[in-house]
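> Numbering (this note's numbering), first residue to last: 1 to 279. Backbone N, C-alpha and C fix where the C-beta goes; we use that ideal spot for every residue, glycine too. Please read these numbers as outputs of a predicted model, since none were measured by experiment.
#1: For residue 85, which of 27, 163, 183 and 68 has the nearest alpha-carbon?
#2: Does the distance from the C-beta atom of residue 181 to that of residue 198 stay below 9 Å?
#3: How long is the line joining the alpha carbons of residue 118 and residue 221, rounded to whole angstroms?
#4: Please classify residue 281: does DSSP put it in a helix, a strand, or coil?
#5: Strictly by DSSP, which residues pair up with residue 167?
#6: Which residues in the same chain as residue 124 place their Cβ atom closer than 7 Å to its Cβ, once the five residues preceding and following it in sequence are excluded?
#7: Please classify residue 272: is it buried, with 16 or more other beta-carbons within 10 angstroms of its beta-carbon, or exposed?
#8: Where does residue 23 fall in DSSP's three states?
#9: Taking contact to mean at least 3 C-beta pairs separated by less than 8 Å, is the segment 213 to 220 in contact with the segment 147 to 167?
#10: DSSP has residue 74 in a bridge; who is on the other side?
#11: What residues match up with residue 147 in a beta bridge as DSSP calls it?
#12: Could you pull the DSSP bridge partners for residue 249 from this structure?
#13: Ordered along the chain, which non-local residues of its own chain (more than five positions away) have a Cβ less than 6 Å from that of residue 235?
#14: Out of curiosity, what's the CA-to-CA distance linking residue 126 and residue 258?
#15: Using DSSP with H/G/I as helix, E/B as strand and the rest coil, what is residue 206?
#16: Please name the residue in 18, 14 and 6 whose C-alpha comes closest to that of residue 274.
#17: How long is the line joining the alpha carbons of residue 160 and residue 250, rounded to whole angstroms?
#18: Thinking residue 290 and residue 14 are a contact (beta carbons under 8 Å), I'd like their distance in whole angstroms, please.
#19: Rounded to whole angstroms, what's the CA-CA distance from residue 183 to residue 206? Just pull it up for me.
#20: What are the boundary residues of the alpha helix (DSSP H) that residue 136 is part of?
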């Protein structure tokens with residue numbers, strides 16, 4: 001989530017990172033690629049950027065180690081894949097996709113997921129790759145509410161929807177903790193109606209099945225994406241938690257509600273026109 005105080009220079013760096021992710025996803029769609037390919041391309045960009053709490057910029061757990069979570073879902077087929085509490089995987093979103101496409105499972109965790117990722121040729125990185133001074137200092141000063149997630153949702157030219165989410169969790173989490181990002185229906189979900197990726201205090205999103213709740217509201221209550229997204233986030237607030245989400249429906253409508261001070265977010269249309277915001 002967004003810091004309370006941010007210099008204009010730092011904000012510009014975040015906006016540049018968001019722009020690069022949007023462009024990566026758009027490049028896939030512009031070549032008639034799939035929504036799944038697009039969200040993975042966008043999330044890889046964010047995982048490789050140390051500014052964001054995923055991949056290279058992940059938060060530290062209480063043991064001063066990194067444990068990463070990621071999930072992907074293809075709305076057209078409802079196939080999904082995820083990894084949880086993994087270390088050393090440079091791009092967890094690609095490991096999650098490998099679980100979806102190369103195994104009969106949806107979620108692999110820990111050492112088993114790491115071994116599987118290596119066997120599938122997913123890039124591995126040393127612990128030093130994930131080491132960032134600012135994240136370590138946040139742990140050592142016992143920062144509270146120091147969390148975040150990266151995610152992407154997309155609608156492709158064939159009307160297919162997809163979602164991908166990746167995170168390092170939150171600063172000072174217990175080893176082995178898994179958040180909502182790799183839990184399909186909690187932090188990540190896609191079907192023929194919408195695609196959703198969430199960020200915030202994962203335990204609250206798990207308890208409310210937030211991502212799936214949006215689709216359910218659209219399906220059974222006939223709510224529009226904006227109303228369904230707002231209602232799902234309101235349920236998070238009743239638990240005393242903050243967060244936000246990004247979502248897109250089959251008509252290309254977009255929703256980006258949040259109840260925190262800000263949320264890094266952006267959108268890009270078929271012509272490549274970007275809209276980026278922080279607060």
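The relevant details are as follows:
#1: Checked all of 27, 163, 183 and 68; the closest Cα to residue 85 is 68.
#2: In this structure, residue 198 lies closer than 9 Å to residue 181 by Cβ.
#3: Going from the Cα of residue 118 to the Cα of residue 221 covers about 44 Å.
#4: With the chain running from 1 to 279 in the structure shown, residue 281 is simply not present.
#5: Its beta-bridge partners are 69.
#6: These residues qualify, in order along the chain: 88, 89, 90 and 118.
#7: By the neighbour-count criterion, in which a residue is buried when 16 or more other Cβ atoms sit within 10 angstroms of its Cβ, residue 272 is exposed.
#8: Annotated three-state conformation of residue 23 is helix, per DSSP.
#9: Segments in contact, no.
#10: According to DSSP, residue pairing for residue 74 in a beta bridge involves 79 and 162.
#11: Beta-bridge pairing links residue 147 to 170.
#12: In DSSP, residue 249 forms a bridge with 194.
#13: If we look at residue 235 and ignore the five residues flanking it on each side, its Cβ neighbours are 208.
#14: Distance between the alpha carbons of residue 126 and residue 258: 34 Å.
#15: Looking at residue 206 - three-state DSSP - the assignment turns out to be helix.
#16: Closest option to residue 274, Cα to Cα, is 18.
#17: A direct Cα-to-Cα measurement between residue 160 and residue 250 gives close to 8 Å.
#18: Residue 290 lies beyond the residue range present for the chain, which begins at 1 and ends at 279; the question has no answer from this structure.
#19: Their Cα atoms are separated by approximately 8 Å.
#20: For residue 136, the enclosing alpha helix (DSSP H) has its first and last residue at 133 to 140.
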